[in-house]
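*Asks:*
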Amino acid sequence: MRTLPPDPDRPDATPEGAVGGKVWFHTFGCQMNVYDTGKMRAQLAADGFEDAQFPEEADLILLNTCSIREKAVAKMDSALGHYRALKRDKPLVLGVAGCVAQQEGDALLRRWPELDLVFGPDGVPHVRSLVQRARTGQRVLDVDFLDLETYPFVAEVDPQATGVGAFVTIQKGCDNKCTFCIVPTTRGAEASRPSAEIVEEVRALADRGVVEITLIGQNVNSYGLKVPGEKRFAELLYAVAEVPGVRRIRYTTSHPRDMGDDVVQAYRDLPQLASHLHLPVQSGSNAVLRRMKRFYTRERYLEVVAALKAARPDLTLTTDVIVGFPGETEADFEQTMALLDEVGFVGSFSFAYSPRPGTPALRLGDPVPAEVASARLTRFQDAQRARSLAWTRSHEGTELDVLVEGPSRHDEGVIAARSSTGLMVNFPGDEALTGREVRVRVTRGFTHSARGEALHDREEGAGG
Ligand code: SAH
Ligand code: SF4
Ligand code: F3S
Numbered sequence: 257m258r259t260l261p262p263d264p265d266r267p268d269a270t271p272e273g274a275v276g277g278k279v280w281f282h283t284f285g286c287q288m289n290v291y292d293t294g295k296m297r298a299q300l301a302a303d304g305f306e307d308a309q310f311p312e313e314a315d316l317i318l319l320n321t322c323s324i325r326e327k328a329v330a331k332m333d334s335a336l337g338h339y340r341a342l343k344r345d346k347p348l349v350l351g352v353a354g355c356v357a358q359q360e361g362d363a364l365l366r367r368w369p370e371l372d373l374v375f376g377p378d379g380v381p382h383v384r385s386l387v388q389r390a391r392t393g394q395r396v397l398d399v400d401f402l403d404l405e406t407y408p409f410v411a412e413v414d415p416q417a418t419g420v421g422a423f424v425t426i427q428k429g430c431d432n433k434c435t436f437c438i439v440p441t442t443r444g445a446e447a448s449r450p451s452a453e454i455v456e457e458v459r460a461l462a463d464r465g466v467v468e469i470t471l472i473g474q475n476v477n478s479y480g481l482k483v484p485g486e487k488r489f490a491e492l493l494y495a496v497a498e499v500p501g502v503r504r505i506r507y508t509t510s511h512p513r514d515m516g517d518d519v520v521q522a523y524r525d526l527p528q529l530a531s532h533l534h535l536p537v538q539s540g541s542n543a544v545l546r547r548m549k550r551f552y553t554r555e556r557y558l559e560v561v562a563a564l565k566a567a568r569p570d571l572t573l574t575t576d577v578i579v580g581f582p583g584e585t586e587a588d589f590e591q592t593m594a595l596l597d598e599v600g601f602v603g604s605f606s607f608a609y610s611p612r613p614g615t616p617a618l619r620l621g622d623p624v625p626a627e628v629a630s631a632r633l634t635r636f637q638d639a640q641r642a643r644s645l646a647w648t649r650s651h652e653g654t655e656l657d658v659l660v661e662g663p664s665r666h667d668e669g670v671i672a673a674r675s676s677t678g679l680m681v682n683f684p685g686d687e688a689l690t691g692r693e694v695r696v697r698v699t700r701g702f703t704h705s706a707r708g709e710a711l712h713d714r715e716e717g718a719g720g
C-alpha cells in the first residue's frame, strides 16, 4: 500500500480516530463485484459502519467498479461526478475500488483530485485499514496483487446475504488470456479458495436460510487444478450438495474448454445442480475463436453441449457473445447467428467488441467499423429475443416447479420465482412463500419472464 502525504488543503476527510459511520456502496460489473462489495460491508461492519439509506448521508462512499468495456468506465466517471459534489457539504471519504481502480491506479487519483482512496480487487481483504488511513486525510493507493499461495479470502459473510440465493467465491483472478479481456489485468492470476472454507461459507449461508448457492469465479472449471490435494471443481459440487439446506446449486463462469466429464457426470448425480448453465461461447466462428485465444472450436463447444444435454435432458443454456471482434467477417458473424439456433440459447448477453487498454487484441488490426458491429449486434439481439420469447411461450399451459425468490418488484401481491432451468415466473401469491418450492401453471410467456398461477406449495402440499 502506498499513502501519499496528507494535504493540508484537503478539509474533506473525517478527523483522525473517527470510528464507524454510514457507508454508501455503488457496485458496477459482474457477480464478483457484487460479492466483493458484500465482503467489504461485512468487514467494515466490524468498525461500526452501516449502510447509508442514500449517498447524501454517507461518511464513506465506495464505488466498486468494472472495466470490462469502455462504457462501464464511463458509468463510473458519471457517478463520480455526482458524488464529488457531496464533498462540498460535509466531511466524506470518497473511494474507488475494483477493476477500474486496479487498471488506472495512480492515474485515477490524478484524474479525480477529490478521490481519497483507490484500491483494486486484492485490496478487499484489507478494506478496514485502507479506509482507516484514508480517514486520516491521506490519499491512499493500493493496487498491489497479493501472494497467491496465501491469498486471504475473506471469511466474514455479508450481513445482507439473507435472501433465497447467495454467491460464494471459489477462486480469484484468471489465468486465461482471452485476447479481448481486461480481467487478467484487473484481477491478476488465479488462486483457488480452499474447499473447506468454501463449504464453511455455504454452511453459514444455509444456516441463515439461503437455499440457492451460486459458486462464482472467472473460470470455475479450472478450480483446484493447480493446488496439490485440492478437490476438483466437480468434487466441490458434490461437497456443496451435501450441505444440509442447499437445494439448488448454480455456478458461473464456466469456460467451454475446461468442462470435464466429471462435471457432466455431476448433472446425472446431483439433483441440486440447476438445469441451467451459462456457457460463454463468444463467437460461432473458429477463425474468430482462434484470434480470441479461447482454445476451443465451434465443434468442441457443440460436443460439450451435447454431452451435458445427454446427462441432463432439460438443461437450458445461456451464453455471452462478442460481435465485431477484429477481423470478424460477415461469414464469421453468420456462424454466430447459426450457433444461436443450433444450441437454442434461451438467453444471452451480447456485446459489441470494445478495445481495452493493454489487451493483446489491440495488436490484431483489421477493426470492424462501429456501424457494422452495431448492426450485427442488433441482428443478434433481435434473433435472441425471438428465441427467448419462443422458449417462455413453450411453457404456456404446462406445470413447473419454481423456487420463490420474493415479492415481484413491479406488482403488489405478486411473487417472483425461478425454475431450475432459469425461467422466471411471476404469479399472485403470498410473500411468506419466499424460499419455498411451489408448483405453478404457466399462463403466458414474455421475453424475459412468464406469468403463472400457483397450484400448490410443494412442501406443504397445500395453499399457494
Ligand atoms: N470469465 C468469463 C467472462 C468475464 S467477462 C468468461 O470467460 O466467459 C463477461 C463477458 O464480457 C465476456 O464473456 C465477454 O462476452 C464480454 N467481454 C469481455 N471483454 C470484452 C470486450 N473487450 N468487449 C466486449 N465484450 C467483452
Ligand atoms: Fe477474461 Fe477469458 Fe479469463 Fe473470462 S476466461 S475472465 S474472458 S481472460
Ligand atoms: Fe467488470 Fe471486473 Fe467483473 S472488469 S466484469 S467487475 S471482473
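Heads up: the sequence shown runs through residues 257 to 720, numbered per my numbering.
We put the CB at the ideal spot given by N, CA and C, even for glycine.
Everything numeric in this text was worked out from a predicted model, so none of it was measured.
1. Shorter than 7 Å, the distance from the beta carbon of residue 382 to the closest heavy atom of the ligand SAH, or not?
2. Would you kindly report the start and end of the unbroken alpha helix (DSSP H) that includes residue 440?
3. Assuming residue 474 contacts residue 429 (C-beta within less than 8 Å), just tell me the rounded distance between them.
4. What did DSSP end up calling residue 552 once you bin it into helix, strand or coil?
5. Can you round the beta-carbon distance between residue 298 and residue 414 to whole angstroms, since I take them to be within the 8 Å contact cut?
6. Going by DSSP in three states, residue 530 sits in which element: helix, strand or coil?
7. Tell me which same chain residues have a C-beta within less than 7 Å of the C-beta of residue 301, skipping the five on either side of it?
8. For residue 271, does the three-state DSSP call read helix, strand or coil?
9. For residue 552, which option in 583, 515, 530 has the closest C-alpha, if you only look at C-alpha atoms?
10. On the three-state DSSP scale, how would you describe residue 505?
11. Just to confirm, does residue 704 get its C-beta within under 7 Å of one of the non-hydrogen atoms of the ligand SF4?
12. Measure the beta-carbon distance from residue 544 to residue 595 and round it to whole angstroms, keeping in mind my assumption that it falls under 8 Å.
13. Going along the chain, which residues put their C-beta within less than 7 Å of some heavy atom in the ligand SAH?
14. Since residue 336 contacts residue 365 with CB under 8 Å, what's their CB separation in whole angstroms?
15. So, are the CB atoms of residue 558 and residue 598 less than 8 Å apart?
16. Quick one: grab the DSSP three-state call for residue 292.
17. Indicate, with yes or no, if the ligand F3S has a heavy atom lying under 7 Å from the CB of residue 293.
18. What is the DSSP secondary structure of residue 428, reduced to helix, strand or coil?
19. So what's residue 487 in DSSP terms, helix, strand or just coil?
20. Considering only C-alpha positions, which residue in the set 669, 511, 457, 349 is nearest to residue 395?
21. Is the beta carbon of residue 671 less than 8 Å from the beta carbon of residue 659?
22. Measuring only the C-alpha atoms, how far is residue 412 from residue 680?
23. Can you tell me whether DSSP reads residue 283 as helix, strand or coil?
24. Pull up the distance between the alpha-carbon of residue 674 and that of residue 712, whole angstroms please.
25. Measure the CB-CB distance between residue 253 and residue 392 and report whether it falls below 8 Å.
26. According to DSSP, which residues form a beta bridge with residue 538?
27. Reducing DSSP to helix, strand and coil, say where residue 396 ends up.
28. Using the DSSP secondary-structure output, state which residues sit across from residue 305 in a beta bridge.
29. According to DSSP, simplified to helix, strand and coil, what is residue 661?
*Replies:* Taking the geometry as given:
1. no
2. 439–443
3. 7 Å
4. coil
5. 5 Å
6. coil
7. 415
8. Per-residue confidence for residue 271 stands at a pLDDT of 43, beneath the threshold of 50, marking its modelled position as unreliable; the derived number appears in the next sentence. Coil at residue 271, not helix or strand.
9. 515
10. strand
11. no
12. Contact doesn't hold; Cβ gap of about 11 Å is too wide.
13. 286, 324, 325, 430, 432, 434, 436, 437, 438, 439, 474, 475, 509, 511, 536, 538, 576, 577, 578, 605, 607, 608, 609, 610, 611, 612, 615
14. Not really, about 12 Å apart at Cβ, beyond 8 Å.
15. yes
16. helix
17. no
18. strand
19. coil
20. 349
21. no
22. 31 Å
23. strand
24. 15 Å
25. Here the chain comprises residues numbered 257 to 720, so residue 253 is not present and cannot be evaluated.
26. 577
27. strand
28. 277
29. strand
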